[in-house]
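To start, the structure itself, in structure tokens.
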Amino acid sequence: MVYKKINLNKWNRKSQFDFFKDYDIPFFNISANVDVTNLHRFCKSQKLPFFLSSLFYSTKAINEIEEFRYRIKGDGVICYDKIDAGSTILMDDNTFSFCYFEYIDDLQQFIEVGNKEIETLKKKKCLDPKLNADNLIHYSSIPWISFTSVQHARKLRTGDSIPKLVFGKFYKDGHRLNMPLSVEVHHALLDGYHVSEYFKKYQGLMDSL
9 MVYKKINLNK WNRKSQFDFF KDYDIPFFNI SANVDVTNLH RFCKSQKLPF FLSSLFYSTK
69 AINEIEEFRY RIKGDGVICY DKIDAGSTIL MDDNTFSFCY FEYIDDLQQF IEVGNKEIET
129 LKKKKCLDPK LNADNLIHYS SIPWISFTSV QHARKLRTGD SIPKLVFGKF YKDGHRLNMP
189 LSVEVHHALL DGYHVSEYFK KYQGLMDSL
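In this text, residue positions in the sequence shown follow this note's numbering: the first is 9, and each later residue adds one.
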């Protein structure tokens, strides 16, 4: 885990950081639809799993936005060189567990490694929350519901500043396929502008397929 410390005195968001960092609930959540028509078509034509493909392009977009790589450490802020993905995975008995996917900037390789991680997880049948790791994005998938909002369970006194993203059930809108996507972030580190940049980059990556 390679990271650099942010010089708070030279940071253009120091005032916003100081304002929000001690809030009882410093997180905000934005839910919006993304157009997954091209991604869905691409996955079908290439026989690729939609979930892992979604995870790849989402995490690629995340890594292209520096603010999504910021984490609060003690009284300061660090920026990781790379962010990986951690996601809930549905188990065979309809419980869930956590699976972790190193971000590899190659779709085929990411999927190959990801499938092995899921296979290993389902054999181990253990819940591994990796409480000490924060070089992650926390993902969930709720493929049964086209939701309009999401609220996460959080331990507010742990100093958690990891963004949480949720994919929902995609649905037809005319000739297009839309998917609800929820993004929850720590307001001391990110603003609505940065979340909108993520939506724009993620959509752009899918549109280019």
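We treat Cβ as the ideally placed atom computed from N, Cα and C, and that holds for glycine. Quantities reported herein were computed from a predicted structural model and do not represent experimental measurements.
Pairwise C-beta distances place the region 22-35 out of contact with the region 150-159, as fewer than three of them are shorter than 8 Å. Beta bridge pairing from DSSP links residue 181 with 184. For residue 33, the three-state secondary structure derived from DSSP is coil. Closest in C-alpha terms to residue 203, from the list 196, 213, 192, comes 192. A contact is defined here as three or more CB-CB pairs under 8 Å, and the region 68-77 fails this definition with respect to the region 119-134. Contiguous beta strand (DSSP E) elements confined to the region 126-160 occur at 144-150, taking only those with 3 or more residues. For the 8 Å CB-CB criterion, residue 143 and residue 88 form a contact.
Counting along the chain, the unbroken beta strand (DSSP E) around residue 96 starts and ends at 92-98. Assigned with DSSP and collapsed to three states, residue 42 falls in strand.
Minimum Cα-Cα distance from residue 41 among the listed residues 211, 115, 146, 86 corresponds to 211.
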